[in-house]
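Residue numbers (full-length UniProt numbering): 1 to 227.
Laid out in structure tokens, this is it:
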């Protein structure tokens with residue numbers, strides 16, 4: 001009997017919705033969760049969201065600040081290995097984020113076309129330009145895939161900067177660490193939503209990516225000075 005083909009994006013079923021609400025209850029209860037720039041969220045769909053990649057649950061946090069209609073359309077580009085190499089947790093968060101799985105080792109153009117088609121179908125798509133979670137809390141090099149998808153789909157890019165996620169649930173941790181102990185206090189998690197970046201068919205994805213990356217590095221430097 002042939003294997004049943006998964007719907008793309010993955011469905012956010014009952015279990016995933018329950019996990020989302022529980023995860024956000026934990027976030028709001030045990031963290032200082034702050035959001036700035038909500039007024040920058042576009043009124044109309046679709047669009048591409050970009051964000052630095054600090055944890056497995058970046059997408060959950062970002063989706064939580066979107067209007068209901070946008071939340072329903074939210075999806076996230078993810079490596080297919082999240083479904084195969086990270087056990088039940090990888091499968092669960094893939095469904096929470098309505099993942100659009102792509103093969104990291106396969107044809108990159110095929111993955112970008114799949115992602116572009118999902119945006120053109122009306123989905124909001126989260127893309128992490130670094131391609132993987134950061135290793136030391138610092139930004140990695142940005143790849144141009146997110147810009148390419150947005151340009152080809154003819155949609156704007158909404159930049160979101162995540163502050164504090166790495167210290168809470170970076171790749172060095174198996175479980176979240178919501179507290180500081182010297183002195184004891186809840187850790188701070190902040191989402192900074194920037195103004196939408198327009199794209200058109202003449203936009204250069206590489207030049208646009210370099211411009212976006214420079215803005216993110218300025219934000220990271222400003223954050224480091226404040227800490």
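Cβ coordinates follow ideal geometry from the N, Cα and C atoms, glycine included.
- Annotation: the continuous beta strand (DSSP E) that includes residue 75 extends over 74-79.
- Here the C-alpha atom of residue 96 lies approximately 9 Å from the C-alpha atom of residue 10.
- Taken through DSSP and simplified to helix, strand or coil, residue 82 comes out as helix.
- Within the same chain, 48, 157 and 199 come within 6 Å of residue 150 by CB-CB distance, once the 5 residues on both sides are set aside.
- DSSP, reduced to helix, strand and coil, places residue 180 within a strand of the structure shown.
- Residue 190 is bridged by DSSP to 34 and 163.
- Within 10 angstroms of the beta-carbon of residue 109 lie fewer than 16 other beta-carbons, which makes it exposed.
- Under DSSP, residue 126 shares a beta bridge with 49 and 76.
- Inter-segment contact for the region 162-170 and the region 110-124 is absent: fewer than three beta-carbon pairs are separated by less than 8 Å.
- Annotated as proximal: residue 148 and residue 205, with beta-carbon spacing under 8 Å.
- Of the other Cβ atoms in all chains shown, fewer than 16 fall within 10 Å of the Cβ of residue 217; this residue is therefore exposed.
- Where residue 100 is concerned, the enclosing beta strand (DSSP E) starts and stops at 99-102.
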